[in-house]
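Student:
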Amino acid sequence: MTRTFRAMALSVAGVVIAASVAGCGAAPAVLGIHGPPKANPASVLLTVDQAKRILTRDFTAAQQGEMTIGPAAEAALRTAYTGDALRAAKARVKLTKVRPTLGNSPLLAPPRPLLLAVSRGFGFPRVLVTQTVAAKGSLPILHLLTSPDARTPYRISGSVTMLESSKVEPFDPLSQGSPLVTGGAGLAVNPTALLNAYAAGMAFPAKAVTRPPYAQDRISAHVRADAAVVAKAVATQAKFSQVHKVVPNSVYAVGQANGDALVFGVIERTDSFTVKKGQAVNTADNQEFVLLTGKKRVNRSASMTRLEFVVFSVPRSTGQATLIAASEQLVAGSGS
Amino acid sequence: MALLGVALAVVGAWTALTLGPSGEAHFSATSKATGAIVVEPDVLNSLNMPVRVTATRRDGGAVWLAASPSTDARAILARSAVSTVSGVHFPAGTLDLRASGAGALPDISTADVWRLSTEGVGSKNLVVDQGRGPEMVLVTSGDTTALTNVTMTLTWAHRSWFFEALTAVVIGAIVAAFALFDLSHSHRLARRIKAVRARRSGART
Numbered sequence: 048m049t050r051t052f053r054a055m056a057l058s059v060a061g062v063v064i065a066a067s068v069a070g071c072g073a074a075p076a077v078l079g080i081h082g083p084p085k086a087n088p089a090s091v092l093l094t095v096d097q098a099k100r101i102l103t104r105d106f107t108a109a110q111q112g113e114m115t116i117g118p119a120a121e122a123a124l125r126t127a128y129t130g131d132a133l134r135a136a137k138a139r140v141k142l143t144k145v146r147p148t149l150g151n152s153p154l155l156a157p158p159r160p161l162l163l164a165v166s167r168g169f170g171f172p173r174v175l176v177t178q179t180v181a182a183k184g185s186l187p188i189l190h191l192l193t194s195p196d197a198r199t200p201y202r203i204s205g206s207v208t209m210l211e212s213s214k215v216e217p218f219d220p221l222s223q224g225s226p227l228v229t230g231g232a233g234l235a236v237n238p239t240a241l242l243n244a245y246a247a248g249m250a251f252p253a254k255a256v257t258r259p260p261y262a263q264d265r266i267s268a269h270v271r272a273d274a275a276v277v278a279k280a281v282a283t284q285a286k287f288s289q290v291h292k293v294v295p296n297s298v299y300a301v302g303q304a305n306g307d308a309l310v311f312g313v314i315e316r317t318d319s320f321t322v323k324k325g326q327a328v329n330t331a332d333n334q335e336f337v338l339l340t341g342k343k344r345v346n347r348s349a350s351m352t353r354l355e356f357v358v359f360s361v362p363r364s365t366g367q368a369t370l371i372a373a374s375e376q377l378v379a380g381s382g383s
Numbered sequence: 203m204a205l206l207g208v209a210l211a212v213v214g215a216w217t218a219l220t221l222g223p224s225g226e227a228h229f230s231a232t233s234k235a236t237g238a239i240v241v242e243p244d245v246l247n248s249l250n251m252p253v254r255v256t257a258t259r260r261d262g263g264a265v266w267l268a269a270s271p272s273t274d275a276r277a278i279l280a281r282s283a284v285s286t287v288s289g290v291h292f293p294a295g296t297l298d299l300r301a302s303g304a305g306a307l308p309d310i311s312t313a314d315v316w317r318l319s320t321e322g323v324g325s326k327n328l329v330v331d332q333g334r335g336p337e338m339v340l341v342t343s344g345d346t347t348a349l350t351n352v353t354m355t356l357t358w359a360h361r362s363w364f365f366e367a368l369t370a371v372v373i374g375a376i377v378a379a380f381a382l383f384d385l386s387h388s389h390r391l392a393r394r395i396k397a398v399r400a401r402r403s404g405a406r407t
């Protein structure tokens with residue numbers, strides 16, 4: 048072996064060993080060890096699979112809660128619903144005793160709800176928007192599921208039947224998520240102000256709403272017309288009034304791909320009857336009222352409370368909001 | 203040079219034996235503190251490969267493991283008592299555990315923030331894939347009962363690690379063999395030169 052060859056061989060061996068030692072020293076880089084990825088505040092923390100599992104759980108519980116009775120059914124309702132939706136579901140179940148047709152509630156679960164939107168970002172509350180069709184040919188129902196904080200699971204906080212010919216504009220892809228619009232920034236009208244104006248516009252006796260931020264719709268027109276009919280019917284025995292108030296913290300606005308927003312809200316409607324002096328009103332025919340109050344006759348006053356679930360499509364920047372879904376449920380009554 | 207080659211071969215052989223043909227690296231520690239156990243994203247998301255998190259209760263009780271975005275997990279944990287897996291040591295195969303917080307954690311298994319979850323009795327593992335980090339793994343009893351005396355094991359598996367270690371063995375062995383051969387050759391050459399010089403000096407006298 049010549050000196051030159053030996054020197055070259057030793058050099059190669061030296062380089063190999065040096066590289067190996069350096070490789071050991073730089074093990075993290077060699078193995079691909081790195082710091083944790085940075086959190087993206089605009090990411091969607093819920094995967095589509097998670098969202099679908101949640102929908103399956105809640106709608107299955109809703110079905111169980113509304114189709115059966117007893118403590119298990121009540122627990123199922125509490126699993127499925129929250130807030131005013133839970134109040135409405137409990138009342139719906141209770142009222143099936145006098146109105147069996149309500150047992151076929153359009154809110155019962157179809158097997159496969161269509162997930163429309165998942166809220167984006169780290170903040171709470173978080174929402175899911177989904178759509179179901181109870182039976183072939185019936186109108187679709189929009190559902191809002193909410194989770195107020197990290198520890199509380201998603202539950203249905205509103206189920207609202209869509210109006211004929213109405214449609215929901217697309218949301219951003221589920222993988223991107225949809226923003227929850229707070230304060231109404233970028234929208235033609237603040238969602239809470241919209242609901243307040245809409246509620247005020249349905250009052251009886253009627254109160255004028257100047258420059259309403261919503262387009263006229265047949266639902267509110269129907270409510271006002273019905274109120275006038277009732278007031279006329281009971282005029283000899285009682286004075287009738289109807290108040291609509293937005294339920295606090297019930298308004299959620301979910302941004303859509305085109306910049307519009309879908310606004311969910313709950314309005315509490317109270318029908319009040321003040322019985323005139325010397326009059327007594329027989330309420331026996333009103334089975335719902337009797338079931339809720341236990342009274343077949345009132346001498347002084349009576350009231351019935353309904354929850355009105357509404358969904359508006361609110362345009363970006365300018366224009367009027369449009370009612371696209373509405374449902375109501377009698378939830379309480381009182382009489383004396 | 204021979205020593206360096208031998209050292210490289212020994213380290214490679216030891217690493218290959220430690221990892222095994224499947225290339226699995228295990229790290230363990232036992233938490234004696236009372237409360238939940240969490241694995242931080244610094245550890246969980248430190249490699250672009252799935253990590254298997256195993257929790258083993260000494261008392262054989264119920265165990266529940268779940269992975270969620272770290273922001274949600276921190277919001278859920280708040281200031282509850284937890285032991286945090288904050289580091290790993292190779293080749294020692296140990297984990298750093300750091301106790302913090304106070305107070306029991308309520309039942310959090312019903313929350314919807316968990317991307318992955320599993321439950322069982324005695325010992326259970328959860329394989330967390332990468333790509334949605336930063337995430338944390340949380341280990342509890344699955345109800346409000348506090349955990350204590352739980353052995354946590356984190357396992358990363360990468361077959362190429364085993365073959366890389368074998369490569370180090372081969373390179374080290376070749377370098378060592380070459381260096382030893384060269385050494386013995388030099389010795390023989392030196393002896394010959396010495397013998398020739400001795401003969402020449404003998405002929406002159």
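These protein sequence lines map, in sequence, to chains E and V. The opening position of the first sequence corresponds to residue 48 in my numbering, with each subsequent residue numbered one higher. The opening position of the second sequence corresponds to residue 203 in my numbering, with each subsequent residue numbered one higher. Note that CB positions come from ideal geometry on N, CA and C, so glycine has one too.
#1: Classify residue 326 of chain E as buried or exposed, calling it buried when 16 or more other Cβ atoms lie within 10 Å of its own Cβ.
#2: Does chain E have any CB closer than 8 Å to the CB of residue 395 of chain V?
#3: Strictly below 9 Å CB to CB, what residues from chain B border residue 287 of chain V?
#4: Look at residue 233 of chain E and residue 363 of chain E and say whether their C-beta atoms are less than 8 Å apart.
#5: For residue 119 of chain E and residue 227 of chain V, what's the separation of their Cα atoms in angstroms?
#6: Any beta carbon from chain E within less than 8 Å of residue 390 of chain V's own beta carbon?
#7: By the criterion of Cβ-Cβ separation under 7 Å, what are the contact partners of residue 312 of chain V in chain E?
#8: Spatial neighbours of residue 95 of chain E within its chain, please: CB distance less than 8 Å, with the 5 preceding and 5 following residues excluded, ordered by chain position.
#9: Is residue 217 of chain E buried or exposed, if buried means 16 or more other CB atoms sit within 10 Å of its CB?
#10: So residue 235 of chain E packs on residue 361 of chain E, CB below 8 Å; how close in whole Å?
#11: For residue 301 of chain V, which residues from the same chain have a beta carbon less than 7 Å from its beta carbon, with the 5 sequence-adjacent residues on both sides left out?
#12: For chain E, find out if any of its Cβ atoms is closer than 8 Å to the Cβ of residue 272 of chain V; answer yes or no.
#13: How about residue 214 of chain V and residue 371 of chain V: are their beta carbons less than 8 Å apart?
#14: Is residue 190 of chain E helix, strand or coil by DSSP?
#15: Taking CB distances under 8 Å as the criterion, tell me whether residue 336 of chain V reaches chain E.
#16: Could you spell out the range, first to last residue, of the beta strand (DSSP E) harbouring residue 255 of chain V?
#17: Assign residue 397 of chain V to one of three DSSP states: helix, strand, or coil.
#18: By the DSSP assignment, the alpha helix (DSSP H) with residue 245 of chain E in it spans what residues?
#19: Taking 8 Å as the threshold (beta carbon to beta carbon), is residue 84 of chain E in contact with chain V?
#20: Rounded C-beta distance between residue 135 of chain E and residue 204 of chain E? I'm assuming under 8 Å.
#21: Mapping DSSP to helix, strand and coil, what is residue 81 of chain E?
#22: Report the option in E/249, E/98, E/292 and E/141 whose CA atom is closest to the CA atom of residue 191 of chain E.
#23: Can you tell me whether residue 203 of chain E is helix, strand or coil according to DSSP?
#24: Return the residues of the region 238–251 of chain V that lie within a Cβ-Cβ distance of less than 9 Å from chain E, sorted by chain order.
#25: Buried or exposed: residue 396 of chain V, going by 16 or more other Cβ atoms within 10 Å of its Cβ?
#26: Rounded to a whole number of angstroms, what is the C-alpha to C-alpha distance between residue 330 of chain V and residue 312 of chain V?
#27: For residue 101 of chain E, is the classification buried or exposed, using 16 other Cβ atoms within 10 angstroms of its Cβ as the cut-off for buried?
#28: Which first and last residues belong to the beta strand (DSSP E) in which residue 341 of chain V is found?
#29: Measuring only the C-alpha atoms, how far is residue 149 of chain E from residue 111 of chain E?
#30: When burial is assigned at 16 or more other CB atoms within 10 Å of the CB, is residue 85 of chain E buried or exposed?
#31: In the DSSP assignment, the alpha helix (DSSP H) including residue 97 of chain E goes from what residue to what residue?
#32: Does residue 251 of chain V pass the burial test, meaning 16 or more other C-beta atoms within 10 Å, or should it be called exposed?
#33: Going along the chain, which residues of its own chain have a beta-carbon closer than 7 Å to the beta-carbon of residue 379 of chain E, five neighbours each way excluded?
#34: Take residue 264 of chain V and list the residues in its own chain whose beta-carbon comes closer than 6 Å to its own, dropping the five residues that flank it on each side.
#35: May I have a chain-ordered list of the beta strand (DSSP E) segments no shorter than 3 residues that lie completely inside the region 234–322 of chain E?
#36: State yes or no: is the C-beta of residue 238 of chain E within less than 8 Å of the C-beta of residue 310 of chain E?
Tutor: Let me spell this out:
#1: Here residue 326 of chain E corresponds to residue number 279 of the first sequence, with the count starting at 1. Residue 326 of chain E is exposed by the Cβ-count criterion.
#2: Translated into positions along the second sequence, residue 395 of chain V becomes position 193. Any Cβ of chain E closer than 8 Å to the Cβ of residue 395 of chain V would place that residue at the interface, and such an atom is absent.
#3: The chain inventory of the structure shown lacks chain B, comprising the protein chains E and V.
#4: Residue 233 of chain E sits at position 186 when you count from the first residue of the first sequence. Residue 363 of chain E sits at position 316 when you count from the first residue of the first sequence. It is a contact, given that the beta carbons lie within the stated cut-off.
#5: Within the first sequence, the letter at position 72 stands for residue 119 of chain E. Within the second sequence, the letter at position 25 stands for residue 227 of chain V. If you take the alpha carbons of residue 119 of chain E and residue 227 of chain V, they lie about 47 Å apart.
#6: Looking up residue 390 of chain V in the second sequence gives position 188. It does not: the Cβ of residue 390 of chain V has no partner Cβ on chain E nearer than 8 Å.
#7: Sequence index remark: in the second sequence, residue 312 of chain V carries index 110 (1-based). Chain E residues near residue 312 of chain V: 200.
#8: As a first step, residue 95 of chain E must be located in the first sequence, where it is residue number 48. Here residue 95 of chain E has 162, 165, 221 and 222 as same chain residues with Cβ atoms under 8 Å from its own Cβ, once five neighbours each way along the sequence are excluded.
#9: As a first step, residue 217 of chain E must be located in the first sequence, where it is residue number 170. That one is exposed.
#10: Within the first sequence, residue 235 of chain E is the residue found at index 188, counting from 1. Within the first sequence, residue 361 of chain E is the residue found at index 314, counting from 1. Sure, about 6 Å apart at Cβ, within 8 Å.
#11: Taking the second sequence and counting its residues from 1, one reaches residue 301 of chain V at position 99. These residues qualify, in order along the chain: 235 and 285.
#12: Position 70 of the second sequence, counted from the first residue, corresponds to residue 272 of chain V. For residue 272 of chain V, the answer is yes, since a Cβ of chain E falls inside 8 Å of its Cβ.
#13: Mapped onto the second sequence, residue 214 of chain V falls at position 12. Mapped onto the second sequence, residue 371 of chain V falls at position 169. Yes; because the gap between Cβ atoms is below 8 Å, this pair is in contact.
#14: Residue numbering aside, residue 190 of chain E sits at position 143 when the first sequence is read from its first letter. DSSP places residue 190 of chain E in strand when its eight states are reduced to three.
#15: Taking the first residue of the second sequence as position 1, residue 336 of chain V is located at position 134. Chain E, which has a Cβ nearer than 8 Å to the Cβ of residue 336 of chain V, makes this yes.
#16: In the second sequence, the residue the question calls residue 255 of chain V occupies position 53. Note, residue 255 of chain V: beta strand (DSSP E), 253–259.
#17: Working through the second sequence from its first residue, we reach residue 397 of chain V at position 195. Annotated three-state conformation of residue 397 of chain V is helix, per DSSP.
#18: The residue labelled residue 245 of chain E in the question sits at position 198 within the first sequence. Where residue 245 of chain E is concerned, the enclosing alpha helix (DSSP H) stretches over 238–248.
#19: Working through the first sequence from its first residue, we reach residue 84 of chain E at position 37. By this cut-off, residue 84 of chain E is an interface position.
#20: For the purposes of this step, residue 135 of chain E is taken as residue 88 along the first sequence, with counting starting at 1. For the purposes of this step, residue 204 of chain E is taken as residue 157 along the first sequence, with counting starting at 1. Your pair residue 135 of chain E and residue 204 of chain E does not check out as a contact, with CB atoms roughly 10 Å apart and the cut at 8 Å.
#21: As a first step, residue 81 of chain E is located in the first sequence; it is residue number 34 there, counting from the start. Reduced to three states, the DSSP call for residue 81 of chain E is coil.
#22: Translated into the one-based positions of the first sequence, residue 191 of chain E becomes position 144. Nearest of E/249, E/98, E/292 and E/141 to residue 191 of chain E, Cα basis: E/98.
#23: Here the question's residue 203 of chain E lines up with position 156 in the first sequence. DSSP, reduced to helix, strand and coil, places residue 203 of chain E within a strand of the structure shown.
#24: Answer in chain order: 242, 243, 244, 245, 246, 247, 248, 249, 250 and 251.
#25: The sequence position of residue 396 of chain V within the second sequence is 194, counting from 1. The C-beta of residue 396 of chain V has fewer than 16 other C-beta atoms within 10 Å across all chains shown, which makes the residue exposed.
#26: The sequence position of residue 330 of chain V within the second sequence is 128, counting from 1. The sequence position of residue 312 of chain V within the second sequence is 110, counting from 1. Distance from the CA of residue 330 of chain V to the CA of residue 312 of chain V, rounded to the nearest whole angstrom, comes to 20 Å.
#27: Taking the first residue of the first sequence as 1, we reach residue 101 of chain E at position 54. The residue in question, residue 101 of chain E, is buried, as its Cβ has 16 or more Cβ neighbours within 10 Å.
#28: What you label residue 341 of chain V is simply residue 139 of the second sequence in a count that begins at 1. Counting along the chain, the unbroken beta strand (DSSP E) around residue 341 of chain V starts and ends at 337–342.
#29: Indexing the first sequence from 1 puts residue 149 of chain E at position 102. Indexing the first sequence from 1 puts residue 111 of chain E at position 64. The predicted position of residue 149 of chain E is uncertain, since its pLDDT is 47 and thus under 50; no value can be drawn from it.
#30: On the first sequence, position 38 is the one that residue 85 of chain E refers to. Residue 85 of chain E counts as exposed, since fewer than 16 other beta carbons sit within 10 angstroms of its beta carbon.
#31: Counting from one through the first sequence, the residue named residue 97 of chain E turns up at place 50. 95–114 is the extent of the alpha helix (DSSP H) around residue 97 of chain E.
#32: As a first step, residue 251 of chain V must be located in the second sequence, where it is residue number 49. Residue 251 of chain V is classed as exposed because its beta carbon has fewer than 16 other beta carbons within 10 Å across all chains shown.
#33: Here residue 379 of chain E is taken as the residue at index 332 of the first sequence, counted from 1. Listed in chain order, the non-local C-beta contacts of residue 379 of chain E below 7 Å within the same chain comprise 339 and 352, local neighbours out to five positions each way being set aside.
#34: Position 62 of the second sequence holds residue 264 of chain V. Answer for residue 264 of chain V: 323, 343 and 344, listed in chain order.
#35: Secondary structure in the region 234–322 of chain E: the beta strand (DSSP E) runs of 3 residues or longer, each lying completely within the stretch, are 285–293, 299–302 and 308–322 in chain order.
#36: Sequence index remark: in the first sequence, residue 238 of chain E carries index 191 (1-based). Sequence index remark: in the first sequence, residue 310 of chain E carries index 263 (1-based). In contact: residue 238 of chain E and residue 310 of chain E (Cβ atoms closer than 8 Å).
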